[in-house]
Amino acid sequence: MNCQQLAERIGEIQPGAAPGDVARLCLLLSNAVEDLSDLEDGEYLNKAWREIGLRLQAASDQHAAMTEELEDLARSDPRKFTPDQIWILIRAIKVQSQVLQFYVGNTVLEV
Numbered sequence: 004m005n006c007q008q009l010a011e012r013i014g015e016i017q018p019g020a021a022p023g024d025v026a027r028l029c030l031l032l033s034n035a036v037e038d039l040s041d042l043e044d045g046e047y048l049n050k051a052w053r054e055i056g057l058r059l060q061a062a063s064d065q066h067a068a069m070t071e072e073l074e075d076l077a078r079s080d081p082r083k084f085t086p087d088q089i090w091i092l093i094r095a096i097k098v099q100s101q102v103l104q105f106y107v108g109n110t111v112l113e114v
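With positions in the sequence shown counted from 1, the corresponding number in the working numbering is that position plus 3.
What follows is the structure, given as structure tokens:
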């Protein structure tokens with residue numbers, strides 16, 4: 004299976020998906036399997052689809068929560084940061100790293 008075929012399958016699973024979303028899902032699915040030909044099996048593709056969907060939702064939720072915390076932190080004076088605020092920054096770096104790893108092929112996310 005190549006990327007175009009995978010995109011067509013994604014189009015069947017999620018009709019009306021924006022091209023950017025299809026491309027993103029192709030990347031995530033192709034990174035989630037060792038052999039793209041495994042995705043030719045409809046049952047395997049559906050299982051991988053569900054797993055990726057759950058991981059993506061977890062990463063998105065974690066990123067949204069961290070973004071909110073960072074927005075609150077940005078309104079405070081950095082010269083008066085508390086240890087808890089420093090930990091917020093450290094967690095934000097970790098979340099960003101996990102999201103990046105998710106997209107570049109390392110799908111081990113710590114949620």
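Here a beta-carbon is modelled for each residue, glycine too, at the ideal position from N, C-alpha and C. Every value quoted in this text rests on a predicted model; they were computed, and no experiment measured them.
Contact set for residue i: own chain, Cβ-Cβ below 7 Å, skip 5 residues either direction
{"i": "residue 144", "result": "Here the chain comprises residues numbered 4 to 114, so residue 144 is not present and cannot be evaluated."}
{"i": "residue 4", "result": "39, 40, 42 and 43"}
Residue i to residue j span [Cα, whole Å]
{"i": "residue 84", "j": "residue 77", "result": "11 Å"}
{"i": "residue 62", "j": "residue 50", "result": "18 Å"}
{"i": "residue 48", "j": "residue 40", "result": "10 Å"}
{"i": "residue 30", "j": "residue 36", "result": "11 Å"}
Element boundaries [alpha helix (DSSP H), containing residue i]
{"i": "residue 43", "result": "Element bounds for residue 43: n/a, residue is neither H nor E."}
{"i": "residue 81", "result": "Premise fails: residue 81 is in no alpha helix (DSSP H) and is neither H nor E."}
For residue i, three-class secondary structure by DSSP
{"i": "residue 19", "result": "coil"}
{"i": "residue 36", "result": "coil"}
{"i": "residue 4", "result": "coil"}
{"i": "residue 85", "result": "coil"}
Cβ-Cβ separation, residue j to residue i (assumed contact under 8 Å), whole Å
{"i": "residue 95", "j": "residue 73", "result": "5 Å"}
{"i": "residue 66", "j": "residue 107", "result": "With 8 Å as the limit, residue 66 and residue 107 do not qualify as a contact, their Cβ atoms being about 16 Å apart."}
Cβ neighbours of residue i in the same chain (closer than 8 Å, five flanking residues each side left out)
{"i": "residue 24", "result": "17"}
{"i": "residue 88", "result": "76 and 79"}
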